[in-house]
Amino acid sequence: MEGRDIAHVAVEMARARCCIALTGAGVSTESGIPDFRSADGLWSRYDINEYGHIDNFLSNPGKVWRMLAEMSSTVINAQPNQAHHALAELEHRGVVKAVITQNIDALHKRAGSRNVIEFHGTMERVRCLRCGREYATENISLKNLPPQCSCGGILKPDVVLIGEPIPQDALAAAFRWASACDVMLVVGTSCEMMPAAELPHIARRHGALIVEINRENTTLSPYATHTLKGNAGEVLGRILDEITRLP
Numbered sequence: 021m022e023g024r025d026i027a028h029v030a031v032e033m034a035r036a037r038c039c040i041a042l043t044g045a046g047v048s049t050e051s052g053i054p055d056f057r058s059a060d061g062l063w064s065r066y067d068i069n070e071y072g073h074i075d076n077f078l079s080n081p082g083k084v085w086r087m088l089a090e091m092s093s094t095v096i097n098a099q100p101n102q103a104h105h106a107l108a109e110l111e112h113r114g115v116v117k118a119v120i121t122q123n124i125d126a127l128h129k130r131a132g133s134r135n136v137i138e139f140h141g142t143m144e145r146v147r148c149l150r151c152g153r154e155y156a157t158e159n160i161s162l163k164n165l166p167p168q169c170s171c172g173g174i175l176k177p178d179v180v181l182i183g184e185p186i187p188q189d190a191l192a193a194a195f196r197w198a199s200a201c202d203v204m205l206v207v208g209t210s211c212e213m214m215p216a217a218e219l220p221h222i223a224r225r226h227g228a229l230i231v232e233i234n235r236e237n238t239t240l241s242p243y244a245t246h247t248l249k250g251n252a253g254e255v256l257g258r259i260l261d262e263i264t265r266l267p
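First residue of the sequence shown? That's 21 in the working numbering, and the numbers climb one at a time after it.
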């Protein structure tokens with residue numbers, strides 16, 4: 021990652037009519053949340069099809085909640101890192117218009133980003149499958165699993181499990197921003213999970229510049245206008261510094 025590449029991207033972002041960000045697990049690893057698919061991630065200890073599928077949640081919610089309780093503890097105790105704060109500051113300065121995140125940790129919002137599309141939902145709240153009532157996850161007890169609503173219904177984290185559709189409002193908003201942007205930052209994601217993986221290609225077909233920020237090459241790399249290798253926090257921090265220095 022050369023300094024001139026960072027400077028060039030900063031200028032393009034500052035000049036852009038509509039710059040957005042698509043973020044993935046690599047943004048939150050610096051907050052202590054491991055990529056679920058990594059060697060030490062959640063799916064190395066829990067079979068994703070057994071514990072991550074909606075059908076298994078409905079048939080045995082207590083079993084699936086044992087995995088979800090571990091995930092919830094990790095997420096609730098995490099704090100936003102430099103990447104989250106940089107994107108929030110870029111939004112505050114009017115450079116970044118929206119963040120589409122595949123992460124379920126709500127760290128973008130906690131860092132101060134306001135226009136956040138939580139593509140896969142959030143662990144920040146749970147919803148009753150019977151009456152639809154919502155609770156803040158931090159306010160429910162996980163001593164007895166599965167947790168239940170006051171109506172007796174089972175509570176489920178407001179996240180998208182395998183076999184569930186992406187929420188229609190999040191899907192529509194994400195595709196709308198991807199079609200409208202002229203610069204898309206793709207940060208910390210391998211771009212393998214559909215339909216989120218389609219978003220950079222939609223942006224590209226509409227003429228947007230694609231800026232990939234990742235520690236390694238991905239399936240998106242051949243299509244990216246710029247590829248900046250490094251940790252998300254460091255790279256976004258340097259971009260913010262460059263934009264701050266622009267006249």
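By construction, the Cβ of each residue, glycine as well, lies at the ideal position given by its N, Cα and C atoms.
Secondary structure of residue i, DSSP reduced to three states
i, result
"Val-115", "coil"
"Glu-184", "coil"
"Thr-43", "strand"
"Glu-32", "helix"
"Leu-205", "strand"
"His-221", "helix"
"Leu-229", "strand"
Counterpart residues of residue i in DSSP-defined beta bridges
i, result
"Lys-176", "Arg-147"
"Tyr-155", "Val-146"
"Leu-248", "Ile-233"
Residue i versus residue j: straight-line alpha-carbon distance, rounded
i, j, result
"Pro-54", "Lys-163", "24 Å"
"Asn-117", "Thr-49", "Note on residue identity: the sequence assigns Lys, not Asn, to residue 117. Roughly 24 Å between the two C-alpha positions."
"Thr-157", "Leu-149", "15 Å"
"Leu-181", "Leu-256", "30 Å"
"Ile-259", "Trp-197", "21 Å"
"Asn-97", "Arg-225", "39 Å"
"Leu-88", "Asn-159", "15 Å"
"Gly-52", "Met-91", "12 Å"
"Glu-111", "Asp-125", "19 Å"
"Glu-44", "Val-84", "Looking at the sequence provided, one finds Gly at residue 44 rather than Glu. About 23 Å."
"Gly-141", "Gly-250", "27 Å"
"Thr-121", "Ile-40", "11 Å"
"Ile-174", "Met-143", "16 Å"
"Leu-165", "Ser-199", "42 Å"
"Ala-193", "Pro-167", "31 Å"
"Ser-161", "Arg-153", "16 Å"
"Ala-244", "Ile-222", "12 Å"
"Ile-291", "Pro-267", "Here the chain comprises residues numbered 21 to 267, so residue 291 is not present and cannot be evaluated."
"Val-119", "Leu-42", "6 Å"
"Glu-138", "Asn-123", "7 Å"
"Ile-230", "Asp-67", "34 Å"
"Lys-129", "Thr-94", "17 Å"
"His-104", "Leu-127", "7 Å"
"Phe-77", "Gln-188", "21 Å"
"Glu-109", "Thr-264", "10 Å"
"Lys-176", "Ile-186", "15 Å"
Closer than 9 Å to chain D by CB, residue i
i, result
"Val-29", "The structure shown has no chain D; it contains just one protein chain."
Check: residue i C-beta below 8 Å from any heavy atom of the ligand HEM
i, result
"Met-143", "Annotation note on the ligand HEM: not contained in the displayed structure, which lists no ligands."
Check your understanding: What residue ranges within the segment 85–146 form continuous beta strand (DSSP E) runs of no fewer than 3 residues, ordered along the chain?
Key -> 116–121, 136–138
Exercise for review: Please determine if the segment 203–218 and the segment 233–240 are in contact, where contact requires at least 3 C-beta pairs separated by less than 8 Å.
Suggested key: yes
**Study point:** Three-pair Cβ contact test at 8 Å for the segment 65–85 versus the segment 166–184
**Key:** yes
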